[in-house]
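Following: one structure in structure tokens, then a few remarks.
2 protein chains.
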Amino acid sequence: MATQRILDYIADRRPQTPCLVIDLEAVRASFEALSSALPDSAVYYAVKANPDPAVLSLLASLGSSFDTASVAEIEMALAAGATPNRISFGNTIKKERDVARAYELGIRLFAVDCEDEAQKVARAAPGSAVFCRILTDGEGAEWPLSRKFGCVPAMASEVLARAASLGLEAAGVSFHVGSQQTDLGSWDRAIADAKGVFDRASALGLDLRLLNMGGGFPARYLMDVPSAQAYGEAISEALRRHFGNRVPETIVEPGRGMVGNAGAILAEVVLVSRKSPDDPFRWVYLDIGKFGGLAETMDEAIRYPISTVRDGDPCEPCILAGPTCDSADVLYEKQPYPLPLTLKTGDQVVIGGTGAYTTTYSAVAFNGFEPLRSHAI
Amino acid sequence: MATQRILDYIADRRPQTPCLVIDLEAVRASFEALSSALPDSAVYYAVKANPDPAVLSLLASLGSSFDTASVAEIEMALAAGATPNRISFGNTIKKERDVARAYELGIRLFAVDCEDEAQKVARAAPGSAVFCRILTDGEGAEWPLSRKFGCVPAMASEVLARAASLGLEAAGVSFHVGSQQTDLGSWDRAIADAKGVFDRASALGLDLRLLNMGGGFPARYLMDVPSAQAYGEAISEALRRHFGNRVPETIVEPGRGMVGNAGAILAEVVLVSRKSPDDPFRWVYLDIGKFGGLAETMDEAIRYPISTVRDGDPCEPCILAGPTCDSADVLYEKQPYPLPLTLKTGDQVVIGGTGAYTTTYSAVAFNGFEPLRSHAI
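Taken in order, these protein sequences are the chains called A and B. Per the working numbering, the very first residue in the first sequence carries number 88; after that it's consecutive. Per the working numbering, the very first residue in the second sequence carries number 88; after that it's consecutive.
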């Protein structure tokens with residue numbers, strides 16, 4: 088749920104709803120937990136999860152590196168105090184002019200997953216290091232990865248060999264086990280696949296040095312998730328199992344796991360109604376919905392913890408929806424959400440675990456509603 | 088597809104991609120077609136479909152009224168030259184302070200679908216007119232309506248009677264047959280339901296005067312849709328069938344049907360790749376995706392027509408995706424999209440029928456990508 092600092096801020100400042108409040112002390116604690124759970128890995132914070140300048144500055148000052156998806160994110164990381172050697176351009180889908188701009192800004196580490204992308208990097212960022220992303224199955228992840236990023240492991244060594252022939256440094260391999268991944272075994276399978284690429288690359292005369300293990304570290308929503316420590320141990324064991332005493336340099340890219348639980352959204356109940364006198368379910372409408380920052384409720388994938396001013400009163404499941412005139416702007420309907428029967432128009436609610444993938448998913452002005460405000464405290 | 092004026096603009100100006108280009112002459116033609124197909128109905132343009140100031144000003148000058156979803160949209164309609172008596176606050180989910188603000192701005196027509204909402208309007212906009220939205224089944228619509236808006240018809244007369252007892256004018260009934268509705272018969276069923284509410288209201292001593300028939304008028308995407316004239320005839324017949332010679336004042340609220348085909352998005356191919364040497368499908372990545380304005384590809388609901396600089400070359404189905412690091416940012420995968428085999432990185436494509444529900448759905452800065460630019464010509 089929300090941290091005490093967030094609850095105090097809401098009580099004292101009474102900010103206008105809807106808004107996200109981010110607790111920087113909680114971000115610091117996350118960074119420290121992840122760093123100490125994975126002491127041999129460099130932490131590259133996934134900027135896309137929450138690019139709030141205060142979050143980026145804090146993480147830069149703590150020694151974090153940054154995984155970026157665009158030139159704009161590279162510029163934000165630099166503005167926050169990161170040096171270019173601590174920034175990776177991790178999007179496998181880049182315009183060549185954006186690769187060139189990143190190179191001008193000093194970036195020398197790029198993700199690829201096919202020969203064409205390696206050719207772009209070779210032309211626009213000559214001599215840079217590249218890692219090739221491989222496909223994983225993503226089983227056990229709550230926010231499923233599609234096949235959108237990566238190539239099959241058997242193709243990755245060819246892509247890296249081609250990159251080397253174009254004058255790039257064939258640095259290594261990356262994977263992503265799927266966001267909000269709670270199956271610790273999925274890292275073992277992905278690390279085994281990555282080791283296969285290291286071996287095939289070695290047979291092609293390449294000496295890979297880097298394994299980018301991506302993100303997937305979960306936030307705690309309604310259900311408990313394994314601790315950072317448990318992730319660290321599972322990953323360390325898998326690395327030793329597959330790489331023996333030749334474990335490469337490793338990177339992790341937490342986004343949701345870094346900031347998800349550091350934020351909470353304050354929202355207001357706009358209306359409570361029933362569709363007929365004998366409707367078994369109430370409809371509860373909030374002043375935030377799918378287009379205002381809660382895009383990850385798509386297909387009801389992420390189920391946020393919600394606290395209300397009426398907690399303790401008897402609860403019944405309700406259908407929870409956003410404030411726009413879009414019929415798709417419904418948060419939980421297939422699986423109605425239990426909320427107090429006494430909840431009424433004007434009541435405030437706190438939606439926990441919303442520090443990641445909320446502000447930036449927010450629509451620019453859908454139905455005239457302004458984007459989600461954010462307060463870093 | 089795109090109009091000739093849009094294609095000429097793209098050829099002459101070569102605007103930076105991605106961007107939406109809106110042809111105001113096509114908007115004018117839509118308004119005229121809808122107005123002449125429904126000569127006895129007032130046209131309330133659904134601002135949420137595309138609130139570009141140039142579109143609003145044009146429609147205001149042509150005599151259109153406006154259906155709005157928020158105070159911001161009311162202000163935009165007023166700024167475009169609409170008088171308050173030509174603006175309806177059509178969202179059934181309103182904060183009371185927003186109702187009050189609308190009332191201050193001169194708005195006197197509000198949507199409700201339950202007693203609580205009627206009470207808000209009675210307190211914050213005393214004496215105003217309200218219409219009660221009823222649920223329809225939405226069958227035949229490509230963008231399905233949920234049960235989010237409206238109450239069952241049997242409840243609507245009670246809500247209107249309550250509104251009257253609170254000093255409001257119980258003006259009438261509204262429905263929405265579902266966006267992109269291609270089944271002309273759905274208006275008949277909804278009008279029959281509305282007539283039932285008129286009758287029950289009459290038995291309660293209320294003399295309803297207004298029937299708001301909402302939107303649902305389609306844009307032409309890949310498949311042909313009935314003409315505005317066919318919609319007009321079906322609706323006029325249904326009105327006569329159910330209301331006889333006592334047809335009430337009617338309103339329609341076209342959004343998609345007004346501007347959908349007046350706009351086209353210019354985009355660029357960022358990458359074409361395969362996931363393995365024997366992958367049967369190419370992946371084609373554009374510089375616009377689900378979070379940059381093409382939100383309506385959610386569940387592959389809306390299938391846009393796409394033209395490329397290689398049209399005429401042999402085609403094969405491909406998986407089409409956006410440029411962000413989000414694995415959900417895939418446009419067409421369940422049903423791959425046929426595109427020329429010769430299509431390559433850097434090629435431009437034109438995505439037709441994108442005048443509605445694109446710019447405002449665009450995320451504010453997801454992955455650092457800026458919101459969709461719009462050029463009204």
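Here a beta-carbon is modelled for each residue, glycine too, at the ideal position from N, C-alpha and C.
How about residue i: is its C-beta nearer than 8 angstroms to some C-beta of chain A?
i: phenylalanine 453/B; result: yes
i: alanine 415/B; result: yes
i: aspartate 224/B; result: no
i: phenylalanine 378/B; result: yes
i: isoleucine 180/B; result: yes
i: cysteine 201/B; result: yes
i: aspartate 374/B; result: yes
i: methionine 300/B; result: no
i: alanine 350/B; result: Inspection of the sequence shows that residue 350/B is occupied by glycine rather than by alanine. Cβ-Cβ to chain A under 8 angstroms: no for glycine 350/B.
i: valine 90/B; result: In the sequence as presented, valine is not what sits at residue 90/B; that position holds threonine. It does not; no Cβ of chain A falls within 8 angstroms.
i: cysteine 412/B; result: yes
i: threonine 269/B; result: no
Please identify the residue among the options whose C-alpha is closest to the C-alpha of residue i.
i: leucine 111/A; options: Tyr96/A, Asn332/A, Val208/A and Val284/A; result: Tyr96/A
i: alanine 452/A; options: Gly303/B, Val134/B and Val246/B; result: Val134/B
i: glutamate 387/A; options: Pro423/A, Met163/A and Arg361/A; result: Pro423/A
i: glutamine 435/B; options: Leu353/B, Ala250/B, Cys402/B and Ala349/B; result: Leu353/B
i: glutamate 383/B; options: Trp370/B, Asp416/B, Thr395/B and Cys405/B; result: Asp416/B
i: aspartate 365/A; options: Val239/B, Arg296/B and Ile338/B; result: Val239/B
i: glycine 380/B; options: Arg327/B, Phe456/B, Lys431/B and Met310/B; result: Phe456/B
i: valine 130/A; options: Asp280/A, Ala124/A and Glu340/A; result: Glu340/A
i: valine 199/B; options: Gly302/B, Glu420/B, Phe218/B and Cys412/B; result: Phe218/B
i: asparagine 348/A; options: Val334/A, Leu407/A and Asp311/A; result: Asp311/A
i: phenylalanine 304/A; options: Cys106/A, Ala136/A and Pro105/A; result: Ala136/A
i: glutamate 119/A; options: Thr104/A, Thr90/A and Leu149/A; result: Leu149/A
i: isoleucine 375/A; options: Ala124/B, Lys182/B and Glu420/B; result: Lys182/B
i: leucine 428/A; options: Gly409/A, Val396/A and Ser449/A; result: Val396/A
Please list the terminal residues of the continuous beta strand (DSSP E) segment that includes residue i.
i: lysine 377/A; result: Note, lysine 377/A: premise wrong, no beta strand (DSSP E); not H, not E.
i: glutamate 324/A; result: Segment 315-330 is the alpha helix (DSSP H) holding glutamate 324/A; no beta strand (DSSP E) there.
i: proline 423/A; result: 417-427
i: alanine 216/A; result: 216-220
i: alanine 382/A; result: Here alanine 382/A belongs to no beta strand (DSSP E), and DSSP marks it neither H nor E.
Kindly say whether residue i, judged by its beta-carbon, lies nearer than 8 angstroms to any beta-carbon of chain B.
i: glutamine 150/A; result: Glutamine is not the amino acid found at residue 150/A; the sequence shown has glycine there. Output row for glycine 150/A: interface = no.
i: cysteine 219/A; result: no
i: alanine 450/A; result: yes
i: threonine 384/A; result: no
i: arginine 234/A; result: yes
i: aspartate 110/A; result: no
i: glutamate 324/A; result: no
i: valine 357/A; result: yes
i: threonine 395/A; result: no
i: phenylalanine 456/A; result: yes
i: serine 123/A; result: no
Taking all protein chains shown into account, do 16 or more other C-beta atoms lie within 10 angstroms of the C-beta of residue i, making it buried, or fewer, making it exposed?
i: glutamine 316/B; result: exposed
i: aspartate 286/A; result: exposed
i: glycine 237/B; result: buried
i: proline 140/A; result: exposed
i: leucine 309/A; result: exposed
i: asparagine 172/B; result: exposed
i: threonine 337/A; result: buried
i: aspartate 127/A; result: exposed
i: glutamate 191/B; result: exposed
i: serine 360/B; result: buried
Which residues bound the alpha helix (DSSP H) around residue i?
i: aspartate 280/A; result: 272-290
i: valine 346/A; result: 343-346
i: glutamate 183/B; result: 183-191
i: isoleucine 406/B; result: Careful: isoleucine 406/B lies outside any alpha helix (DSSP H), inside the beta strand (DSSP E) at 402-408.
i: aspartate 99/A; result: 91-100
i: arginine 210/A; result: 202-211
i: valine 114/B; result: 111-124
Review point. Does the region 256-271 of chain A come close enough to the region 215-226 of chain A to have 3 or more Cβ pairs within less than 8 angstroms?
Key: Yes, since at least three Cβ pairs between the region 256-271 of chain A and the region 215-226 of chain A fall closer than 8 angstroms, the two stretches touch.
Review point. So, do the region 238-245 of chain A and the region 281-301 of chain A have three or more beta carbon pairs nearer to each other than 8 angstroms?
Key: Yes, the region 238-245 of chain A touches the region 281-301 of chain A.
Check your understanding: Is it a yes or a no for the region 203-214 of chain B touching the region 177-188 of chain B, going by three-plus beta-carbon pairs under 8 angstroms?
Key -> The answer is yes - the region 177-188 of chain B touches the region 203-214 of chain B, with three or more Cβ pairs under 8 angstroms.
**Study point:** Three CB pairs or more closer than 8 angstroms across the region 395-405 of chain A and the region 144-151 of chain B
**Key:** These segments do not touch.
Check your understanding: Can we say the region 355-364 of chain A touches the region 321-333 of chain A, given the rule of at least three CB pairs closer than 8 angstroms?
Key -> Below 8 angstroms, too few C-beta pairs join the region 355-364 of chain A and the region 321-333 of chain A to call them touching: fewer than three.
Check your understanding: Any chance the region 167-183 of chain A sits against the region 151-158 of chain A, with 3 or more Cβ pairs inside 8 angstroms?
Key -> Cβ pair count under 8 angstroms is three or more, so yes.
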